[in-house]
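Colleague:
Chains as they are written, first to last, in our numbering: chain A, 1 to 1101; chain B, 10001 to 10162.
#1: What does the Cβ neighbour count give for residue 10015 of chain B, buried or exposed, with the cut at 16 atoms within 10 Å?
#2: What distance in whole Å lies between the Cβ atoms of residue 1075 of chain A and residue 1083 of chain A, which are believed to be in contact at a cut-off of 8 Å?
#3: Around the Cβ of residue 10086 of chain B, are there at least 16 other Cβ atoms within 10 angstroms (buried) or fewer (exposed)?
#4: For a contact defined as C-beta to C-beta under 8 Å, what are the partners of residue 10150 of chain B on chain A?
#5: Taking the DSSP output, what are the residues bridged to residue 913 of chain A?
#6: Between which two residues does the beta strand (DSSP E) holding residue 10105 of chain B run?
#7: Look up residue 779 of chain A in the DSSP assignment and say whether it is helix, strand or coil.
#8: How would you call residue 50 of chain A, buried or exposed, if buried means at least 16 neighbouring beta carbons within 10 angstroms?
#9: Please check if any C-beta of chain A sits within less than 8 Å of the C-beta of residue 10140 of chain B.
#10: Quick check on residue 712 of chain A - is its C-beta less than 8 Å from some C-beta in chain B?
#11: Helix, strand or coil: which one does DSSP assign to residue 789 of chain A?
#12: Would residue 90 of chain A pass as a contact of residue 23 of chain A if the rule is Cβ separation under 8 Å?
#13: Any beta carbon from chain A within less than 8 Å of residue 10052 of chain B's own beta carbon?
#14: Quick one: complete beta strand (DSSP E) runs, 3+ long, within the region 837-883 of chain A?
#15: Quick one: is residue 1019 of chain A buried, meaning 16 or more other Cβ sit within 10 Å of its Cβ, or exposed?
#16: Going by CA-CA distance only, name the one from A/537, A/513 and A/536 that's closest to residue 640 of chain A.
#17: Output yes if chain B places a C-beta closer than 8 Å to the C-beta of residue 757 of chain A; else output no.
#18: Between the region 759-772 of chain A and the region 403-422 of chain A, do three or more beta carbon pairs fall short of 8 Å?
#19: Compare the Cα-Cα distances from residue 693 of chain A to each of A/835, A/681, A/471 and A/703 and report the closest residue.
#20: Just checking: is the beta-carbon of residue 10035 of chain B within a distance shorter than 8 Å of some beta-carbon in chain A?
#21: Just checking, does the region 32-47 of chain A make contact with the region 480-493 of chain A on the three C-beta pairs under 8 Å criterion?
#22: Looking at the C-beta of residue 780 of chain A, does it have a partner C-beta in chain B at a distance below 8 Å?
#23: Determine the extent of the alpha helix (DSSP H) in which residue 94 of chain A is found, giving its start and end residues.
#24: With 16 as the cutoff for other CB atoms within 10 Å, does residue 678 of chain A come out buried or exposed?
#25: Would you mind reading off the limits of the alpha helix (DSSP H) that contains residue 411 of chain A?
#26: Flag this pair as touching only if the region 10147-10158 of chain B and the region 766-773 of chain A have three or more C-beta atom pairs under 8 Å; answer yes or no.
#27: When we look at the beta-carbon of residue 783 of chain A and count the other beta-carbons within 10 Å, is it buried (16 or more) or exposed?
#28: Examine chain A for any beta-carbon lying closer than 8 Å to the beta-carbon of residue 10106 of chain B, and answer yes or no.
#29: Rounded to the nearest angstrom, how far is the Cβ of residue 10013 of chain B from that of residue 10093 of chain B, given a contact under 8 Å?
#30: Using beta carbons (cut-off 8 Å, strictly below), is residue 10059 of chain B in contact with chain A?
#31: Are any of the Cβ atoms in chain A nearer than 8 Å to that of residue 10038 of chain B?
#32: Can residue 463 of chain A and residue 494 of chain A be called in contact, C-beta distance under 8 Å?
#33: Using 10 angstroms around the beta-carbon of residue 139 of chain A, count the other beta-carbons present and answer buried if the total reaches 16, otherwise exposed.
#34: Could you give the first and the last residue of the continuous beta strand (DSSP E) run that contains residue 642 of chain A?
#35: Which runs of the beta strand (DSSP E) spanning at least 3 residues fall entirely within the region 4-39 of chain A, listed in chain order?
#36: Could you tell me whether any Cβ in chain A is nearer than 8 Å to the Cβ of residue 10045 of chain B?
Following this line, the structure appears as structure tokens:
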């Protein structure tokens, strides 16, 4: 029973979601057929719920569901659309059901009479609708012969008309063509009065015909059969006029009780749009003259044919056609209004759908007589709009029917996989030395484990659509409550997130959306006055972005006014004026996340108390996510939430302090700076905090050790004491330490650790409940060696150390730093000891190399690649590095910008990594540009140019002077020359500087155009070589300015940009030439040419 | 006093004999690799990995206010059942026998009230004393260990010295 109940709850929730979704869609649609299928959906859902609760004996639940079902039942035929009131009542009842379902055991106690009464009242009003059948002629007589359209319009002011039908269409069809008025013409249907039904019946009374209720037309005798023709479709197929059709019919058979069946609604707009059907009864022996004998009609007719054959003696022949011309003759006798045909033509695509569905519906009516092998017309009629619609509906139901698994089971699976991962890690450690068979076994274990882990993670992934699905209802209700018109668009429903993350996102998102509607969007009047569309737009989108998901809530409302925030913050004393002045706009916006902050003038039910955003912030931070707010006053606000895909497995950096290991989540890590003993770059003191100059921006640095040894949050005196100790003690002289540059809720800080051990995917286990108060840790994990490590909480550490935050402007400068500074770097190993790095920009490609293909010429090794004999460079031959063990397959890295075919041999390609390269000067080896710590390992950056020189035995001097003979003019080599090199990227600056330096050339470097200008004014240069894309002042501006100031020396533009596009601009700015950055030989040649030119000109002057 | 026999798991720490109800004990292991937790109070020895699960290890000696006693290298880790508290145990010098003690032999020291105990007096952990033939067996109430740790953390954060 318990289990049943649990299942019942889960299933009922799903039913209710489906129910609500259908109702919301129903509210939007104005199309009868569509609404019919939506009502069916809603009915199915509520019916299943009713059945389940009945089965389990929850009578109250059953009763309420029943009431809802019977109200909805009335609209099942699709003739009348449920009114807003009905939908509102049903939604409210659904809410009540949802509440009861959560606690079914106590549902018996709940009082549902109010909801049920409401449903019953509505149902009653529906029941009291007035069937009518009025003589059109009589109405016309009393209304001055007004057209039928006027009648329709009048009726629709009284209420909604269901099952509209024109009958008494003249039996002798010549009368149609003759245009004589048919006195017998009747208009019948059901009128559901808007207001009092009395008024409606008074209106209808005088014209009611005494004939039988025409809605009952299906009582056919067996010797008769009913025929119907879908007029518009018929016309389109045959191109014939209706007159011809009726003439044909008249000739071949006598028709009784002919009627025109009109589509359901929109009577106010004149004659109904959509399908018009002619229906009549003929003798069984007779045939309509439309069958196979009519060429051009055959295909259309044969499609619905199964229906015809299937219904046997009670044949119902359906011929489907629509078109506007056919509508004319048929309205001609009753209406003089020419525009009656317009709505039909407007809705052409809909008509086809309607006709098809009618066939289906009719088939359903006769279903008991239809043999099961009958081909469904749905399958034979190919209608793109319809089929796609159907398919998606089908998929929806199939998805909800997929296997249901207990979340606990999944969690256990997840845990077990985590443990398996740990065992895998341990095995790798234990068997690291092994060779041969066990190695491959371990590798397989490794692969399978990784795959398993991935798959298990996937089982927890759910589309955000599951969450987003809740919001349309909320938005709708809120919009009503607040008098807004809101149009909500959701994008990226298919993006997947871990279940836990998704669940915890619900509250913050709900709140943010509420805020958007309440504070963001203006009322329709205000919007119109501001020249915006009445309905405000809310966009809810999810996009994946490197291991995270970005969820954006954007509105086109009034936006947030930074000035209002400022004054509010100052007024409430949350921040001082001085602090506010220093804040960036984005930081100002983030103030609204503080508790007690609300710029809303009035507190509404929905929001404005200034509590919510604080909750949002807390929630998001718990998820290790970030929230940024951007706003454009008058144009809208965008709130972007970034959350991790999953919380369970997190890539972490493993660091040590005094032999103790700690894991630092990598998503908070921006970069790692290696602090060398006796290096130029050291920590400095800024009042009470140590700071580090990171690319000229001060980074507050906390020593993890200090944090660990102080149990209580730092006080001012402690900070001073700590700082004093570090200043006193001349730094540990021979220890390298590392600064992890971390980002935590918008702040950047450096965390000083002893050692970086590496990166590991760890399975996060929550901190022991008794230790939750220790804020500097966010959890624990098991390491490869089976020991436990603690996961550091960057937020907690920053808080503990009372770390001062960076100013927003500085932060922005660093986060929006020149993209050129971030390089993709190829990491590889040759010997086991060193990790090498090469910027991808210098790599042509990497080849797998079967060592048996290598040919030997003396000491040299070659392999044929792309038809060229390529020289293999073993790094151990030219550098003082370890040699690898022999292996049958190696990798060959083919560098770019090297004229001779050569490849650098690698034993293992580790990965590529995007990073800002901060090179440390090399330790003497000339083939090395410098070193950097990447992924916790010291990595050697290769100087490809030098390596090439070593390999091919090109001497340093000859290699760099391959100048064309015509330039060898003798003078140049005697005179020292100076070059100004302007490049913002230290890495490129270093490479280019190395390219150009020789005995006679002095290179002066500058970091950007502004700096370059300063340098120009201090000394003379023979040549300026400048990068284009630089901060502060770019190359274009720099050159233009220099020319304006009268500097005449040649300017050479250096760039990684495509040449042709920029050549013109370069010339226009005053550059003399243009060259690609890393092509050593060409650059060198260009530089020499221009130096020569410069000298010659000087001499000439 | 009831005549009922109760089984106790006994162990020695700092040459004293202690016991807890066998029914409260989940298992005893020899795991001795504990990851120390900075900021945690002295009673906390660290975290241990027991077959893929993380357990919090408390130092019994410190809990009982016995100063300067660190567990020997061959110490044992007594893990309690979840009912006693989530994933934790105590580290003792040496686990002894399981003894059966009748109610007659037992003298209850602290009443089993569930108010907030005063952890500054470490005798709150002693629920009763059994008069065994050779020596006294001090029966501990493991349910109070974790609250004591939390209490210590709060004290440190709010007022305690560093």
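Cβ atoms here follow ideal geometry from the backbone N, Cα and C, with glycine treated the same way. All figures in this text were calculated on a predicted structure; none of them were measured in a lab.
Modeller: Short version:
#1: Classification of residue 10015 of chain B: exposed, given that the 10 Å Cβ count is below 16.
#2: Their Cβ separation, rounded to whole angstroms, is 5 Å, which keeps residue 1083 of chain A and residue 1075 of chain A in contact under 8 Å.
#3: Exposed, because fewer than 16 other Cβ atoms sit within 10 Å of the Cβ of residue 10086 of chain B.
#4: Within chain A, the residues near residue 10150 of chain B are 770 and 773.
#5: In DSSP, residue 913 of chain A forms a bridge with A/825.
#6: Looking at the DSSP string, residue 10105 of chain B is not in any beta strand (DSSP E), and its letter there is neither H nor E.
#7: Strand, per DSSP.
#8: Buried, since its Cβ has 16 or more Cβ neighbours within 10 Å.
#9: Put simply, the CB of residue 10140 of chain B is far from chain A, with every gap to its CB atoms at 8 Å or more.
#10: At least one chain B Cβ lies under 8 Å of residue 712 of chain A.
#11: Three-state DSSP puts residue 789 of chain A in a strand.
#12: The answer is yes: Cβ separation under 8 Å.
#13: With 8 Å as the cut-off, residue 10052 of chain B counts as an interface residue toward chain A.
#14: Listed in chain order, they are 843-850, 855-857, 860-865 and 868-873.
#15: Label assigned to residue 1019 of chain A: exposed.
#16: If we check each option's Cα against that of residue 640 of chain A, A/513 comes out closest.
#17: At a cut-off of 8 Å between beta-carbon atoms, residue 757 of chain A makes no contact with chain B.
#18: They touch, by the three-pair rule.
#19: The shortest CA-to-CA distance from residue 693 of chain A to any of A/835, A/681, A/471 and A/703 is the one to A/681.
#20: At least one chain A Cβ lies under 8 Å of residue 10035 of chain B.
#21: Too few Cβ pairs lie closer than 8 Å, so no.
#22: Contact of residue 780 of chain A with chain B is assigned, a C-beta pair being separated by under 8 Å.
#23: Here the alpha helix (DSSP H) through residue 94 of chain A covers 84-102.
#24: By the 16-neighbour rule on beta-carbons within 10 angstroms, residue 678 of chain A is exposed.
#25: Element bounds for residue 411 of chain A: 407-430.
#26: Enough Cβ pairs lie closer than 8 Å, so yes.
#27: Classification for residue 783 of chain A: buried.
#28: By this cut-off, residue 10106 of chain B is not an interface position.
#29: With a Cβ gap of about 5 Å, residue 10013 of chain B and residue 10093 of chain B count as contacting.
#30: Put simply, the CB of residue 10059 of chain B is far from chain A, with every gap to its CB atoms at 8 Å or more.
#31: Chain A, which has a Cβ nearer than 8 Å to the Cβ of residue 10038 of chain B, makes this yes.
#32: Taking the C-beta atoms as reference points, residue 494 of chain A is found nearer than 8 Å to residue 463 of chain A.
#33: Counting C-beta atoms within 10 angstroms of its own C-beta, residue 139 of chain A has 16 or more neighbours from the protein chains shown and is therefore classed as buried.
#34: Per DSSP, residue 642 of chain A belongs to the beta strand (DSSP E) from 636-644.
#35: The beta strand (DSSP E) runs of length 3 or more contained entirely in the region 4-39 of chain A do not exist; there are none.
#36: Chain A has no Cβ within less than 8 Å of the Cβ of residue 10045 of chain B.
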